[in-house]
Ligand code: LHQ
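Residue numbers (the working numbering): 413 to 668.
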């Protein structure tokens with residue numbers, strides 16, 4: 413059985429981390445499978461992506477047995493395996509939804525936070541983990557949590573290493589929605605299908621703009637907004653959106 417399953421349903425690509433016996437901990441095969449899935453996600457036919465886990469876990473970060481058996485230099489491991497996938501998610505001009513079905517720990521928590529939208533099952537938990545084994549958060553964890561939670565809450569949480577419930581994560585704004593466990597796959601599919609029917613180029617460019625806004629000045633942001641708006645006005649979906657509005661009918665966006 414593949415360590416990562418990649419499936420298409422219409423314009424939605426679902427990537428399922430598939431090592432349920434270890435709550436989908438990362439090993440080389442998982443990194444490679446995730447990379448292949450994210451590469452497939454670049455196809456123009458794909459308009460929304462779901463990342464989830466098989467079994468009762470989402471992803472619990474590095475497989476510590478693999479690391480014990482072949483430690484190597486963590487810097488190289490991160491650069492070669494974790495970082496390309498984090499960059500690929502952020503660079504993908506499409507919505508990436510994390511459907512968090514169980515524990516998200518360590519670099520698995522970072523993976524969830526690298527996504528654009530997070531929804532969780534009621535029994536999902538969020539575990540910093542890194543400090544528990546004497547490590548610092550990696551794979552973009554500090555970058556994303558700083559943005560999502562702000563310094564004070566992020567620092568306190570990551571150093572306290574407290575296991576957060578799905579409801580608490582929702583209160584903190586870390587996840588946008590919590591659903592009953594058995595409804596998560598269905599809700600993730602539904603949300604992804606809704607996104608897949610939107611004007612995908614505009615959604616992608618909106619993602620790029622928010623990404624840029626983290627470090628940009630107002631002048632730089634205004635410049636990029638104008639540039640991308642100009643590109644948006646040249647899309648088929650803009651023509652369709654305006655026509656549908658004037659004809660008082662629902663728009664049928666093709667994602668182009
Ligand atoms: C695991 C793991 C795991 C292997 C559960 N590995 N087997 C670090 C180093 C190097 C390079 C780059 O990056 C990193 C980044 C990192 O991600 S560091 C953080 C690594 N992750 C952790 O420290 C989390 C360790 N796991 C846990 O603390 C617990 O499993 C949590 C709290 C997440 C879930 O607890 P439970 O729901 O009680 O499940 P469990 O602990 O019973 O786990 C189920 C099985 O999965 C169990 O195996 P077993 O054979 O006893 O059924 C665990 O050993 C295995 N497992 N995490 N990271």
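Even glycine gets a Cβ: it sits at the ideal position worked out from N, Cα and C.
Tell me the DSSP secondary structure of residue i in three-state form.
i, result
"residue 429", "strand"
"residue 522", "helix"
"residue 491", "helix"
"residue 663", "coil"
"residue 434", "helix"
"residue 450", "helix"
"residue 442", "helix"
"residue 510", "strand"
Could you tell me if residue i is buried or exposed, where buried requires 16 or more neighbouring beta carbons within 10 angstroms of its beta carbon?
i, result
"residue 615", "buried"
"residue 413", "exposed"
"residue 591", "buried"
"residue 562", "exposed"
"residue 460", "buried"
What residue does the beta strand (DSSP E) around residue i start on, and which one ends it?
i, result
"residue 537", "537–539"
"residue 464", "460–465"
"residue 417", "416–421"
"residue 529", "529–533"
"residue 615", "Run containing residue 615: none in the beta strand (DSSP E); it sits in the alpha helix (DSSP H), 612–625."
"residue 592", "Element bounds for residue 592: n/a, residue is neither H nor E."
Is the beta carbon of residue i within less than 6 Å of some heavy atom of the ligand LHQ?
i, result
"residue 518", "yes"
"residue 540", "no"
"residue 515", "yes"
"residue 441", "no"
"residue 473", "yes"
"residue 486", "yes"
"residue 591", "no"
"residue 466", "no"
Taking residue i and residue j to be in contact with their CB atoms under 8 Å, please state how far apart those CB atoms are, rounded to whole angstroms.
i, j, result
"residue 621", "residue 585", "In fact, because the Cβ distance is near 20 Å, the residues do not count as touching under 8 Å."
"residue 498", "residue 541", "That belief does not hold up - the Cβ atoms of residue 498 and residue 541 are roughly 17 Å apart, past 8 Å."
"residue 513", "residue 482", "Incorrect: roughly 29 Å between the Cβ atoms, too far for contact."
"residue 416", "residue 429", "6 Å"
If you follow the alpha helix (DSSP H) that residue i is in, where does it begin and where does it stop?
i, result
"residue 604", "596–608"
"residue 655", "648–658"
"residue 503", "495–503"
"residue 639", "630–645"
"residue 670", "Not covered by the structure: residue 670. The range shown for the chain is 413 to 668."
"residue 670", "The structure shown does not extend to residue 670, since the chain is modelled only from 413 to 668, so the question has no answer here."
Let me see if you follow: with CB-CB separation under 7 Å, is residue i close to chain B or not?
i, result
"residue 444", "No chain B is part of this structure, which consists of one protein chain only."
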